[in-house]
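Residue numbers (our numbering), protein chains in the order written: chain A, 899 to 1275; chain B, 16 to 179.
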Ligand SMILES: Nc1nc2c(ncn2[C@@H]2O[C@H](COP(=O)(O)OP(=O)(O)OP(=O)(O)O)[C@@H](O)[C@H]2O)c(=O)[nH]1
Ligand SMILES: [Mg+2]
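Next up, the structure:
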């Protein structure tokens, strides 16, 4: 077949055939396919000019022509493929292209450019499926790992009180203890059992909150809770615990007003959030110190602050404080789930939660919730 | 105006295309459209009075379906190595790719982007590892979603290329 025949045949398949001249420039051989006319127009170039030196409008071809020229210089027969690429013209339209450097005969070298939209879409579809599956696999694997670590933490945390109770009961069973000592051990065991119960409760709360996070939005205008009332209920629930530890709980005046302060959320869960924050403050407070519960109002939001005088948050765990558990510094474990519950719940209602160190020592934990508009307002 | 070729490298789905879209067009799409072959975008940047046209080569993420084509890296003035912070293995992969890229294009300036930083919950890279890494290369935490660190990362690379 003659060179011209081959070129004609190529042109019939809708590809652009650029014949290479001795000076290294190109000219369209045969018919100019429509896609190239459109592309040149979009680039603001005359077809002839765009064909003459493709390097001027395509950095990809500029790069490919280095390989192409080397191939042509070697004088071998055959072709070199560019691989697919996507050219974005100035007008912002994407063109999926593929090029080949071909030696038809030793005197005839052509650059063939093909618009591969359809083939491209098919290839993308196949690859897309494979890679999306890869991504899902990564996610699943991470979830499994997370669950394993969590399980490990939970088992560890639940085991400690049980070991203490077991030890105490064994001592009691021996029957050789003085009555005061026996009473003391029973009280210790009771405290450990309480600790374990509280951890289990927290775990259940978290699982419930995670499930809920998957379900639909759970706030309704008619159900908007009164923030003041919720905080009062939570403070009352924690009062005896604070007294036992000798820590004073100061509830700001703002919470005592009768007038309602409705926020987004649900009463029972909001109370639990405040209880978790108060419990967290208590655990980090020394006897004789004070925890303040403060309210900052704005026309659109309410901000509740729980300020303690504890030892402050260790910087190494700070970035992960509100996460499900802390992977590197495993101080949290199941015991650290309370704050995670708070974050899940508050963010779900469109609020924010955080903490900051206090002047003079200690930490201020806070959360903000949007005010609920009263029905009809 | 000067032109600089910048190649984005990294495993599949780390966010290379999203970072370019954020940087060049200020947009973000949650959906995943994998890249086949090469997609080239351009952006003019001006740093301390010097204007440069960045020619961004968004390369497909290498995996068992597509291997990195050495010729695409030819003449690169800089690399952006992208890691998905929620998938730790993409960091090992990125370091491997960087080593190979250096063999091909020489020791050109590069910046590593720890992307998807908005997903703090699922973050898999340990602080210790990042700190150690930061002693040997430029690290920027980015989010194509929120825009965090994106401009800064590109600017850092431009700066490093200018120093050459
Ligand atoms: N949350 C979040 N998602 C991101 C971020 N960057 C990218 N993604 C998402 O991650 C997925 C992959 O992003 P791409 O930009 O397509 O990744 P790529 O590296 O170009 O992928 P390949 O072309 O397949 O190599 C998409 O669903 C993006 O929406 C980010 O900073 N944060
Ligand atoms: Mg891509």
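C-beta atoms are modelled at their ideal positions from N, C-alpha and C, and glycine is treated no differently.
Heavy atom of ligand 1 within 6 angstroms of residue i beta-carbon
| i | result |
| --- | --- |
| residue 914 of chain A | no |
| residue 94 of chain B | no |
| residue 87 of chain B | no |
| residue 1045 of chain A | no |
| residue 166 of chain B | no |
| residue 45 of chain B | yes |
| residue 133 of chain B | yes |
| residue 101 of chain B | no |
| residue 33 of chain B | yes |
| residue 75 of chain B | yes |
| residue 49 of chain B | yes |
| residue 981 of chain A | no |
| residue 30 of chain B | yes |
| residue 130 of chain B | yes |
Sequence-distant residues of its chain with Cβ nearer than 6 angstroms to residue i (five each side left out)
| i | result |
| --- | --- |
| residue 31 of chain B | 23, 25, 73 and 97 |
| residue 1122 of chain A | 1160 and 1270 |
| residue 109 of chain B | 25, 96 and 98 |
| residue 1262 of chain A | 1203, 1205, 1254 and 1256 |
| residue 913 of chain A | 1010 and 1012 |
| residue 177 of chain B | none |
Neighbour-count burial assignment, residue i, 16 or more Cβ in a 10 Å radius
| i | result |
| --- | --- |
| residue 997 of chain A | buried |
| residue 1105 of chain A | exposed |
| residue 51 of chain B | buried |
| residue 1185 of chain A | exposed |
| residue 124 of chain B | buried |
| residue 1073 of chain A | exposed |
| residue 19 of chain B | buried |
| residue 993 of chain A | buried |
| residue 1167 of chain A | buried |
DSSP state of residue i mapped onto helix, strand, coil
| i | result |
| --- | --- |
| residue 975 of chain A | coil |
| residue 1232 of chain A | In this predicted model, residue 1232 of chain A has a pLDDT of only 49, less than 50, meaning its place in the structure is not dependable; the value taken from the coordinates is given anyway. Helix at residue 1232 of chain A. |
| residue 1030 of chain A | helix |
| residue 1096 of chain A | helix |
| residue 1063 of chain A | helix |
| residue 999 of chain A | strand |
| residue 988 of chain A | coil |
| residue 59 of chain B | strand |
| residue 1152 of chain A | helix |
| residue 1225 of chain A | Reliability of the predicted coordinates at residue 1225 of chain A is poor, the pLDDT of 42 falling under 50, and the value obtained from them is presented with this limitation in mind. Of the three classes helix, strand and coil, the one that applies to residue 1225 of chain A here is coil, per DSSP. |
| residue 125 of chain B | strand |
| residue 1129 of chain A | helix |
| residue 1244 of chain A | helix |
| residue 66 of chain B | strand |
Residue i Cβ short of 6 angstroms to ligand 2 heavy atom set
| i | result |
| --- | --- |
| residue 160 of chain B | no |
| residue 157 of chain B | no |
| residue 2 of chain B | Outside the modelled stretch of chain B, which goes from 16 to 179, sits residue 2 of chain B, for which no answer is possible. |
Neighbourhood of residue i by C-beta, 7 angstroms cutoff - its chain only, sequence neighbours within 5 removed
| i | result |
| --- | --- |
| residue 1155 of chain A | 1126 |
| residue 1124 of chain A | 1158, 1159 and 1160 |
| residue 43 of chain B | 33, 36, 37, 159 and 160 |
| residue 864 of chain A | For residue 864 of chain A there is no data in the structure shown, the boundaries of chain A being 899 and 1275. |
Any non-hydrogen atom of ligand 3 closer than 6 angstroms to residue i Cβ
| i | result |
| --- | --- |
| residue 27 of chain B | As far as ligands go, the structure on display features ligand 1 and ligand 2 and does not contain ligand 3. |
Close beta carbons around residue i, own chain, < 8 angstroms, minus the five adjacent residues each side
| i | result |
| --- | --- |
| residue 918 of chain A | 924, 970, 1007, 1008 and 1009 |
### Query
Between the region 31-47 of chain B and the region 1193-1206 of chain A, are three or more C-beta pairs nearer than 8 angstroms?
No, the region 31-47 of chain B does not touch the region 1193-1206 of chain A.
### Task
Decide yes or no for the touch test of the region 1161-1173 of chain A against the region 1246-1257 of chain A: beta carbon pairs closer than 8 angstroms, at least 3 of them.
Inter-segment contact for the region 1161-1173 of chain A and the region 1246-1257 of chain A is present: three or more beta-carbon pairs are separated by less than 8 angstroms.
### Query
Just checking, does the region 950-958 of chain A make contact with the region 1038-1052 of chain A on the three C-beta pairs under 8 angstroms criterion?
Because the criterion of three Cβ pairs below 8 angstroms is not met, the region 950-958 of chain A and the region 1038-1052 of chain A do not touch.
### Query
Are the region 49-64 of chain B and the region 979-994 of chain A touching by the rule of at least three beta carbon pairs closer than 8 angstroms?
Touching, yes, given that three or more Cβ pairs across the two stretches are closer than 8 angstroms.
### Stretch pair the region 1129-1146 of chain A + the region 1171-1182 of chain A: three plus CB contacts closer than 8 angstroms
Result yes; three or more Cβ-Cβ pairs closer than 8 angstroms.
#### Entry: Three CB pairs or more closer than 8 angstroms across the region 81-92 of chain B and the region 116-130 of chain B
Touching, per the Cβ criterion.
#### Entry: the region 130-144 of chain B contacting the region 53-63 of chain B, beta-carbon criterion three pairs below 8 angstroms
Too few Cβ pairs lie closer than 8 angstroms, so no.
### Query
Looking at C-beta atoms only, is the number of pairs between the region 1075-1090 of chain A and the region 1035-1046 of chain A that lie closer than 8 angstroms three or more?
As far as the Cβ criterion goes, the region 1075-1090 of chain A does not touch the region 1035-1046 of chain A, which means the pair count is below three.
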